[in-house]
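**Q**
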Amino acid sequence: MAWRFSWRHDRRTVAPVVIERESPMPASHPPLTPRTNQFGQTIGAALPGWSPRPKPPRTPIEGRLCRLEPLSAERHAADLHAAHALAPDGRDWTYLSVERAPDAASARAYVELIAQSLDPMHFAVIDKATGRAVGSLALMRIEPNHGVMEVGHVTFSPLLKRTPLSTEAQYLLMQLAFDELGYRRYEWKCDNFNAPSKKAAQRLGFQFEGVFRQPLVYKGRTRDTAWFSVIDSEWPALRAGFEQWLSPANFDADGKQRQSLEQLRAAAA
Numbered sequence: 010m011a012w013r014f015s016w017r018h019d020r021r022t023v024a025p026v027v028i029e030r031e032s033p034m035p036a037s038h039p040p041l042t043p044r045t046n047q048f049g050q051t052i053g054a055a056l057p058g059w060s061p062r063p064k065p066p067r068t069p070i071e072g073r074l075c076r077l078e079p080l081s082a083e084r085h086a087a088d089l090h091a092a093h094a095l096a097p098d099g100r101d102w103t104y105l106s107v108e109r110a111p112d113a114a115s116a117r118a119y120v121e122l123i124a125q126s127l128d129p130m131h132f133a134v135i136d137k138a139t140g141r142a143v144g145s146l147a148l149m150r151i152e153p154n155h156g157v158m159e160v161g162h163v164t165f166s167p168l169l170k171r172t173p174l175s176t177e178a179q180y181l182l183m184q185l186a187f188d189e190l191g192y193r194r195y196e197w198k199c200d201n202f203n204a205p206s207k208k209a210a211q212r213l214g215f216q217f218e219g220v221f222r223q224p225l226v227y228k229g230r231t232r233d234t235a236w237f238s239v240i241d242s243e244w245p246a247l248r249a250g251f252e253q254w255l256s257p258a259n260f261d262a263d264g265k266q267r268q269s270l271e272q273l274r275a276a277a278a
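Mind the numbering: the sequence shown is residues 10 to 278 in my numbering, read in order.
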C-alpha cells in the first residue's frame with residue numbers, strides 16, 4: 010500500500026534570505042503599558058520605530074551540541090528514516106498530520122516534498138558528535154509585518170528526545186527569532202490531547218494561553234488546539250536560563266543535570 014501524506018507546501022525556489030540589519034531591535038524589551046486615546050478609550054502601547062521584521066534565512070544555525078540545517082532529502086532523509094525507525098511503534102506520530110514512513114523510499118519522498126517549503130521552513134537537527142540527522146522541526150506561520158512566528162512540525166527521534174540536544178535545538182530557533190530577527194512573539198501550538206507536547210512547551214518557558222475549539226480536522230478526527238507563546242519581554246530571562254542549563258558545568262560526569270531548566274529560569278527572572 011502506498012504511503013499517503015497531505016501537506017500544504019510552497020514550490021517557490023529555495024534561496025537564502027539576507028537578514029537586513031538596518032533596524033536592529035533592542036536586546037531587552039520592557040513590558041508594554043496600555044494607554045488612553047483622545048476618546049478616553051484604552052488602546053495598546055505605541056511601538057515607535059517598529060518596522061516589519063526580516064524573514065528567517067534558510068541557512069544553517071550552529072550550536073555547541075547540534076547544528077540546524079535546512080532540510081534536504083539528499084543529506085538528511087536516510088538518517089531521519091533510520092533514526093525514527095528506532096522507535097518501537099508509531100505513537101510519536103499520533104498528533105502529527107502524517108504517519109511515520111514505512112520505508113526509506115517513502116521517507117525520502119516525504120522529505121523531498123516538505124524541503125521545498127519556505128513556510129513552514131524545515132530544519133534537520135544534526136548531532137555534532139555523529140554528524141547524523143536525528144530529528145527535525147520548522148518555523149511556520151511566519152508573519153514579518155507583525156513580528157510573529159511559530160515553531161512546529163517537531164519530529165524528534167529516540168536519538169534526540171529528552172536530550173540536551175533537543176533543548177538546544179529549540180533554543181537556537183528562539184534565539185534566531187528574538188535576538189537575530191527581532192520578532193515580538195513566538196508560538197507553540199498542539200493538539201490539546203498531546204500531553205507531552207504541552208509539558209515540553211511549559212518546560213521551555215512558553216506561557217499557556219488557552220484552547221481553540223475545533224479549528225482543525227486531521228486524520229479523520231477533530232482537533233482542539235492548545236496555544237502557548239513567548240513574547241519579547243520574557244525572552245531575556247528565558248535566554249539566561251537556557252544558557253545556564255546548556256552549560257557543560259550544569260551536567261555531572263554521567264551527563265545528569267545539576268539544576269533543571271525551570272530552576273535556572275526562576276533564578277534568572
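Yeah, the Cβ is synthetic: ideal placement off N, Cα and C, and Gly gets one too.
#1: Any idea what DSSP makes of Arg267, helix, strand or coil?
#2: Which ranges does the beta strand (DSSP E) cover as unbroken runs of at least 3 residues, wholly within the stretch 41 to 127, from first to last along the chain?
#3: In the DSSP assignment, the alpha helix (DSSP H) including Arg248 goes from what residue to what residue?
#4: Give me the DSSP bridge partner(s) of Ser145.
#5: By DSSP, does Tyr180 sit in helix, in strand, or in coil?
#6: Mind checking Asp98: buried by the 16 CB within 10 Å criterion, or exposed?
#7: Mind checking who Asp233 pairs with in its DSSP beta bridge?
#8: For Gly161 and Ile52, I'd like the C-alpha separation in whole angstroms.
#9: Can you tell me the Cα-Cα spacing of Cys199 and Gly49, whole angstroms?
#10: By Cβ distance, which residues of its chain are closer than 8 Å to Arg222, with the 5 residues on each side in sequence left out?
#11: Just list the residues that DSSP pairs Gly219 with in beta bridges.
#12: By how many angstroms is the C-alpha of Trp197 removed from the C-alpha of Leu273?
#13: If we count the other Cβ atoms within 10 Å of its Cβ and call it buried at 16 or more, is Asp19 buried or exposed?
#14: Can you check DSSP and say which residues form a bridge with Phe260?
#15: Need the endpoints of the alpha helix (DSSP H) that Lys207 sits in, please.
#16: How would you call His90, buried or exposed, if buried means at least 16 neighbouring beta carbons within 10 angstroms?
#17: Would you say Ile70 and Leu77 are within 7 Å of each other, going by their C-beta atoms?
#18: Could you compute how far the alpha carbon of Asp263 sits from the alpha carbon of Pro257?
#19: Counting Cβ pairs, one atom from each stretch, are 3 or more of them under 8 Å apart for the stretch 148 to 161 and the stretch 54 to 62?
#20: Report buried or exposed for Phe202, applying the criterion of at least 16 other Cβ atoms within 10 angstroms of its Cβ.
#21: Whole angstroms are fine: how far does the CA of Ser115 sit from the CA of Ala133?
#22: Nearest-angstrom Cα distance between Asp241 and Lys207?
#23: Suppose you measure from the CA of Glu93 to the CA of Ala142; what does that come to, to the nearest Å?
#24: Return the first residue and the last residue of the beta strand (DSSP E) that Arg171 is part of.
#25: Counting pairs of Cβ atoms below 8 Å between the stretch 177 to 197 and the stretch 223 to 230, do you hit three or more?
#26: Could you compute how far the alpha carbon of Ala275 sits from the alpha carbon of Ala246?
#27: Would you list the residues sitting across from Asp200 in a DSSP beta bridge?
#28: Please identify the residue among Glu159, Thr164, Arg84 and Gly72 whose C-alpha is closest to the C-alpha of Thr103.
**A** Taking the structure as given:
#1: Within the sequence shown, numbered from 1, the residue matching residue 267 stands at position 258. Here Arg267 sits in coil by DSSP.
#2: Whole beta strand (DSSP E) segments, 3+ residues: 75 to 79.
#3: Counting from 1 along the sequence shown, the entry for residue 248 is found at position 239. Here the alpha helix (DSSP H) through Arg248 covers Trp244 to Leu255.
#4: Here residue 145 is taken as the residue at index 136 of the sequence shown, counted from 1. DSSP, once it has assigned bridges, lists Ala133 and Thr164 as partnering Ser145.
#5: For this step, residue 180 is matched to residue 171 along the sequence shown. Here Tyr180 sits in helix by DSSP.
#6: The residue given as residue 98 occupies position 89 in the sequence shown. Asp98 comes out exposed.
#7: The count along the sequence shown starts at 1 and reaches residue 233 at position 224. Answer by DSSP bridge pairing: none, since Asp233 is not bridged.
#8: Here residue 161 is taken as the residue at index 152 of the sequence shown, counted from 1. Here residue 52 is taken as the residue at index 43 of the sequence shown, counted from 1. Roughly 31 Å separates the two Cα atoms.
#9: Residue mapping note: residue 199 aligns to position 190 of the sequence shown, counting from 1. Residue mapping note: residue 49 aligns to position 40 of the sequence shown, counting from 1. Annotation: Cys199 to Gly49 spans about 39 Å, alpha carbon to alpha carbon.
#10: Numbered from 1 along the sequence shown, position 213 holds the residue referred to as residue 222. Asp233, listed in sequence order.
#11: Looking up residue 219 in the sequence shown gives position 210. Paired residues: Trp236.
#12: Taking the first residue of the sequence shown as 1, we reach residue 273 at position 264. Taking the first residue of the sequence shown as 1, we reach residue 197 at position 188. Leu273 and Trp197: Cα-Cα distance of roughly 21 Å.
#13: For this step, residue 19 is matched to residue 10 along the sequence shown. In this prediction, Asp19 scores a pLDDT of 39, lower than 50, which makes its location untrustworthy; no coordinate-derived value is stated.
#14: Reading the sequence shown from its first residue, position 251 is the one you call residue 260. DSSP lists Gln266 as partners of Phe260.
#15: Numbered from its first residue, the sequence shown carries residue 207 at position 198. Note, Lys207: alpha helix (DSSP H), Ala204 to Arg212.
#16: Reading the sequence shown from its first residue, position 81 is the one you call residue 90. By the neighbour-count rule (16 or more Cβ atoms within 10 Å), His90 is buried.
#17: Sequence index remark: in the sequence shown, residue 70 carries index 61 (1-based). Sequence index remark: in the sequence shown, residue 77 carries index 68 (1-based). Cβ atoms of Ile70 and Leu77: closer than 7 Å.
#18: Locating residue 263 in the sequence shown gives position 254, where the first residue counts as 1. Locating residue 257 in the sequence shown gives position 248, where the first residue counts as 1. One C-alpha to the other measures close to 12 Å.
#19: The stretch 148 to 161 vs the stretch 54 to 62: in contact.
#20: Indexing the sequence shown from 1 puts residue 202 at position 193. The residue in question, Phe202, is exposed, as its Cβ has fewer than 16 Cβ neighbours within 10 Å.
#21: Walking along the sequence shown from the start, residue 133 turns up at place 124. Walking along the sequence shown from the start, residue 115 turns up at place 106. Using only the alpha carbons, I get a separation of about 17 Å.
#22: If you number the sequence shown from 1, residue 241 lands on position 232. If you number the sequence shown from 1, residue 207 lands on position 198. Each residue's alpha carbon lies about 21 Å from the other.
#23: For the purposes of this step, residue 93 is identified with residue 84 of the sequence shown, where counting begins at 1. For the purposes of this step, residue 142 is identified with residue 133 of the sequence shown, where counting begins at 1. One point to set straight first is that residue 93 is His, not Glu, in the sequence displayed. Rounded to the nearest angstrom, the two C-alpha atoms are 10 Å apart.
#24: The residue you call residue 171 lines up with position 162 of the sequence shown. Segment: none, Arg171 is in no beta strand (DSSP E) and carries neither H nor E.
#25: With contact defined as three or more Cβ pairs closer than 8 Å, the stretch 177 to 197 and the stretch 223 to 230 are not in contact.
#26: The residue labelled residue 275 in the question sits at position 266 within the sequence shown. The residue labelled residue 246 in the question sits at position 237 within the sequence shown. One C-alpha to the other measures close to 8 Å.
#27: Counting from one through the sequence shown, the residue named residue 200 turns up at place 191. Answer by DSSP bridge pairing, in chain order: Thr234.
#28: Numbered from its first residue, the sequence shown carries residue 103 at position 94. Of the candidates Glu159, Thr164, Arg84 and Gly72, the one whose C-alpha sits nearest the C-alpha of Thr103 is Thr164.
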